[in-house]
Each structure stands twice: as structure tokens, then as C-alpha cells.
Amino acid sequence: MRIFLAGIMQGSLREAALHDQDYRARLRELLIAHLPEAEVYDPLADHGESLTYDDGVGRQVFLRHNQMCGDCDVVVAFIPEASMGTAIEIWEAHRAGRKVVAISPLAHNWAVKFLSDVLYASLAEFEADLVSGALAVRLSVTA
Numbered sequence: 167m168r169i170f171l172a173g174i175m176q177g178s179l180r181e182a183a184l185h186d187q188d189y190r191a192r193l194r195e196l197l198i199a200h201l202p203e204a205e206v207y208d209p210l211a212d213h214g215e216s217l218t219y220d221d222g223v224g225r226q227v228f229l230r231h232n233q234m235c236g237d238c239d240v241v242v243a244f245i246p247e248a249s250m251g252t253a254i255e256i257w258e259a260h261r262a263g264r265k266v267v268a269i270s271p272l273a274h275n276w277a278v279k280f281l282s283d284v285l286y287a288s289l290a291e292f293e294a295d296l297v298s299g300a301l302a303v304r305l306s307v308t309a
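So in the numbering used here, spot 89 of the sequence shown is number 255, and the numbers just go up one at a time.
Put into C-alpha cells, the structure is as follows:
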């Protein structure tokens, strides 16, 4: 199973900066521990210097990552606040018939609400379902 780890990076920041990205390591660790057959792709791991990319490279990486969301099996998206990039990623996954797991308190946001197959209000809720095996059942996979 191929999992794309999506989530807020720049959000609505006006400067060339990133939101705290600590969630990525925690999600990756949890997914690998509880879905050991999964191949987890974290775009930040390969593109930690993305804020310094010129427009050509940035565009190429952005479009490739969006394509990957339609090609993978599952997108796990951490969306603590609005994120245009993450919205596009979950749209691409949804459009391609892939599973979308969102971790977000934005339960009334239409992009989050209508594009997610599974929605958790918090990382703790996601972790509990993952550890118990309930998420694997929801995704119709064997843990």
C-alpha cells in the first residue's frame, strides 16, 4: 500500500516560511509501525529546501506531488487549518478514487468534509484508530 503524507506546509503564511512540521515524523512513525506493509512518501523529506527552489523546479515538484496523490492508494492529510496545497492533494486523490484520511478540526469545511473517506478531529483520534486496527478495517486493508 502506497501512502502519501499530505499536510499543511506554508498555509496562509505570507513570508517564505513553513508551519511546524513535527507532525510528519510522528505520522510516518505511526504508519510504519501499524501498517508495516505500507510505503510512506513524505514530500518534505525529499524537498526540505523547497522554499528556495526557483519557479521552474517549484512548479515541477508541486505538479508531480499532486499527480502522486492520484496514483497512490491512500492520502493521509494533516489539516489543522486551511491549506490550499493540501486541498489540491486531497482533491486529486478523491478524483482518482483513492482513499483520503484527514486529520482536521475543520469538520465543516467542505473540502475536508466531502473529500475525506475518514475524518479524525485530532492526531490522538487518528492514532487510537490506527493502533487498534480500526483504520486498517476502514481502509479495507490488512494490518
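Glycine is no exception: its CB is placed at the ideal position from the N, C-alpha and C atoms. Just so it is clear, the structure is predicted and the values come from calculations on it, not from any experiment.
Would you identify the three-state DSSP class for A268, choosing helix, strand or coil? As a first step, residue 268 is located in the sequence shown; it is residue number 102 there, counting from the start. A268: strand per DSSP, three-state reduction.
Given this structure, state the Cα-to-Cα distance separating A211 from L171, to the nearest angstrom. Taking the sequence shown and counting its residues from 1, one reaches residue 211 at position 45. Taking the sequence shown and counting its residues from 1, one reaches residue 171 at position 5. Answer to the nearest angstrom: the Cα atoms are 10 Å apart.
Can you tell me whether DSSP reads E205 as helix, strand or coil? Within the sequence shown, numbered from 1, the residue matching residue 205 stands at position 39. Reduced to three states, the DSSP call for E205 is strand.
Report all residues from its chain with a CB closer than 8 Å to the CB of A273; omit the five preceding and five following residues, and keep chain order. Along the sequence shown, one-based indexing puts residue 273 at 107. Once the five neighbours on either side are set aside, the close Cβ partners of A273 are K279, L285, A287.
With respect to the alpha helix (DSSP H) encompassing G236, which residues constitute its N-terminal and C-terminal limits? As a working note, residue 236 is residue 70 in the sequence shown. That run of the alpha helix (DSSP H) goes 221 to 237.
Would you say the stretch 191 to 208 touches the stretch 246 to 266, given that touching needs at least three Cβ pairs under 8 Å? no
Between which residues of its own chain and A277 is the CB-CB distance below 6 Å, once the five residues before and five after are set aside? Locating residue 277 in the sequence shown gives position 111, counting from the first residue. Close CB contacts of A277 within its chain, under the 6 Å cut and outside five residues either way in sequence, are with A253 (chain order).
Can you tell me whether DSSP reads R168 as helix, strand or coil? Residue numbering aside, residue 168 sits at position 2 when the sequence shown is read from its first letter. Residue state, collapsed to three classes: strand.
Distance, E293 Cα to S282 Cα: By 1-based counting over the sequence shown, the position of residue 282 is 116. By 1-based counting over the sequence shown, the position of residue 293 is 127. Using only the alpha carbons, I get a separation of about 17 Å.
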